[in-house]
Amino acid sequence: MEHTTSINKPLILGNYYYGGGEMAWAWYHEHHADLAIIGHHELSPRHQIVQQLQQAITKRDDKAVYSITVGKPQPGEKSTINAIDWLEGFSDPPEFIADRDLFIKNRIFFSSSYYNLILKSINADRETLLPSVRYKANLEGPLAGYMRAIDAINDDNKHKAKLISATKNILEVDWIHTNNEGHKYFIDPDESIYEQTISLLIATWSLFSLTCQEDDPQQYLVIAEIPKQLLSIDVDPMVGKIVYDCISLLKQLSITTTLTLVLSTEMLFPVPELAFRYKLLFQTKDSDYDLTHNQSNRESIDPNLIKDWDEYQKFSGLWIDDITSNTEDGVIALKVNPNMFEFWDSFEDIRVE
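For the sequence shown, my numbering begins at 2 and goes up steadily by one.
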């Protein structure tokens, strides 16, 4: 059989818990392009699984993987995305374009949310600094309106320099290109919730713009790790809405483009709300779906998995498919491979539903 190095093959994640062979995920396929990995940051293998996904796919295509990662920025080769500046140079689409309203809504969301967060992070009042922002929809994107409004601020205003600097930060967005885990954009956990949300927004905005800029569709795997506190019910409502909308927009891209989204999180929210097809569930703790202390939740899970988790056998998990019509495939216990995921290269890619 001819050897293939294509990334458009299912990934073998591990073995069925009760025997019967290996389990694979057709991650690249349009009907299988979203997955939420839910688990405690220490009691589950969530981070190892993310790393295995990064390494397996990057080994075959070092342009395919983009990860929004919680952690201190790491050294590495800069990979600059200038697609935001490029995309904002276009006018709103003509009325006959099918997704026109959605495109306009998304561009307005990014610019408006970005400067709202910047102003919040520096304790500045939007109504004072940017009371009314307009853009010429037949000539440009919303960002141009903000740039003019910032330019019009009095030079002696102490916040003007920060707003100018913030604008420069989105015209060229620097990701870190690693040797074997693709591209990474870091959310610093020591920063304020507003600065963390700014990082998530910039990463999402640059990826949205990049998918618009591509002439030849590239198969992407985007892994979004969301800080637990940004999904908390007690978070600032403005932050909560922007975080939700960022995840929603990435989920939207998994439907409309050749992008697959993996959400890595300790929280169940907003996975059901955004109708993720797949969930890979491990032990959770002190989250909105607690499988350590909440007895009612524990009783809803296969008792053998609960026993494994209590004995720190963290690679036992539950694969949930919320769309399949085959009830036997809806909830599957499995043991994830703790070493390295493998491609199912002999798989013949017929129509997978």
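Note that beta-carbon positions come from the ideal geometry of N, C-alpha and C, so glycine has one too.
### Which of helix, strand or coil DSSP assigns to glycine 318
strand
### Query
What is the DSSP secondary structure of threonine 266, counted as helix, strand or coil?
strand
### DSSP beta-bridge partners of isoleucine 39
Thr266, Leu282
### Task
Evaluate the contact criterion for the stretch 218-226 versus the stretch 261-273: three or more CB pairs, one atom per stretch, below 8 Å.
Taking a cut-off of 8 Å for Cβ pairs, the stretch 218-226 and the stretch 261-273 touch, as three or more such pairs fall below it.
### Query
Given that a residue counts as buried once 16 or more other Cβ atoms are within 10 Å of its Cβ, and exposed if not, what is asparagine 340?
exposed
### Query
Roughly how many whole angstroms lie between the Cα atoms of alanine 125 and histidine 160?
8 Å
### Message
So if DSSP puts asparagine 16 in a beta bridge, which residue, or which two residues, is it bridged to?
### Response
Beta-bridge annotation (DSSP): asparagine 16 is paired with Glu23, Lys336.
### Query
Would you report the Cα separation of glycine 40 and glutamine 284, rounded to the nearest angstrom?
5 Å
### Query
From what residue to what residue does the beta strand (DSSP E) around histidine 184 run?
184-188
### Query
Where does the unbroken beta strand (DSSP E) through threonine 81 begin, and where does it stop?
78-82
### Query
Secondary structure at phenylalanine 344, three-state DSSP: helix, strand or coil?
In the three-state DSSP reduction, phenylalanine 344 falls in the strand class (E or B).
### Query
Quick one: what's got a C-beta closer than 7 Å to asparagine 298's C-beta in the same chain, skipping five residues either side?
Tyr290, Asp291, Leu292
### Query
Applying the criterion that 16 or more other CB atoms from any shown protein chain within 10 Å of the CB defines a buried residue, is aspartate 35 buried or exposed?
buried
### Message
Rounding to the nearest angstrom, what Cα-Cα distance links lysine 121 and isoleucine 177 in this structure?
### Response
27 Å
### Query
Between lysine 308 and lysine 242, what straight-line distance do the alpha-carbon atoms span, to the nearest angstrom?
Those two C-alpha atoms are separated by around 37 Å.
### Task
Would you mind reading off the limits of the beta strand (DSSP E) that contains tyrosine 67?
66-71
### Query
In chain order, what residues of the same chain have a beta carbon less than 7 Å from the beta carbon of tyrosine 116, not counting five sequence neighbours either side?
Leu131, Tyr147
### Task
Please report the residue range of the alpha helix (DSSP H) in which tyrosine 245 lies.
238-257
### Task
Assign leucine 335 to buried or exposed, taking buried as 16 or more other Cβ atoms, counted over all protein chains shown, within 10 Å of its Cβ.
buried
### Message
Going by beta-carbon coordinates alone, are alanine 84 and serine 210 separated by less than 9 Å?
### Response
Result yes, Cβ atoms of alanine 84 and serine 210 sit closer than 9 Å.
### Task
May I ask which residues mark the beginning and end of the alpha helix (DSSP H) holding tryptophan 310?
304-311
### Query
How about the stretch 225-244 and the stretch 198-215: do they share at least three Cβ pairs that are nearer than 8 Å?
When C-beta atoms of the stretch 225-244 are compared with those of the stretch 198-215, three or more pairs fall below 8 Å, so the two segments count as touching.
### Task
Determine the contact status of serine 45 and lysine 315, defining contact as a CB-CB distance below 9 Å.
yes
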